[in-house]
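Remember, my numbering sits 115 above the position in the sequence shown when you count from 1.
The structure appears below as structure tokens.
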Amino acid sequence: MILVFTPIYAAILALFILLLAYQVVLMRRKKRIGIGDKGDQELAQKIRVHANAIEYVPIALLLIAFVEINGGSAIWVNISGALLVLSRVLHAYGLGKSIGISKGRFYGTLITWMVILSNALTILINSLANL
116 MILVFTPIYA AILALFILLL AYQVVLMRRK KRIGIGDKGD QELAQKIRVH ANAIEYVPIA
176 LLLIAFVEIN GGSAIWVNIS GALLVLSRVL HAYGLGKSIG ISKGRFYGTL ITWMVILSNA
236 LTILINSLAN L
């Protein structure tokens, strides 16, 4: 089976991750910090926004792709993909604005986890049913 929808979300999120990386680079240049964050909270915040996306997006996309490859409904795949994009934007905005608790960070994390959990369970249930 050819993936139709997942590559679209992968491309959107790849561009988003590049934008987050670019924000880190700009901050590094502004602060003249090449490696690490040297205790600079503003730079550390940008680094974590980018790193968090790198930590969660690949596994979520992989799971969505597995659902699509295994014949999951187009509606499910597109809802999962759209929610993943929304969740990552919310998280980046929330964490980018505050290192403490924020609604964007909370809901971004919650939705990301729900996308991962729901797709992982879908794959597991369908795979075990087909043994």
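Note that the Cβ used here is the ideal one computed from N, Cα and C, for glycine as well.
Extent of the continuous alpha helix (DSSP H) run through residue i
i    : result
I184 : 156-184
K218 : 218-244
I127 : 121-146
G209 : 189-212
Candidates the options, of which the one nearest residue i by Cα
i    : options                : result
I231 : K161, I127, R147, L199 : L199
Q160 : R143, I240, Y222, A175 : R143
Rounded distance between the beta-carbons of residue j and residue i, thought under 8 Å
i    : j    : result
L236 : E183 : About 16 Å separates the two Cβ atoms, so there is no contact after all.
V164 : A207 : 5 Å
L178 : I127 : So it is not a contact: roughly 17 Å between Cβ atoms.
K218 : G209 : 6 Å
Cβ-based burial, residue i [other Cβ within 10 Å; buried from 16]
i    : result
Y171 : buried
S195 : buried
Touching by the beta-carbon criterion (3+ pairs, under 8 Å), the segment 119-132 and the segment 199-215: In short, these stretches touch, since the Cβ pair count reaches three.
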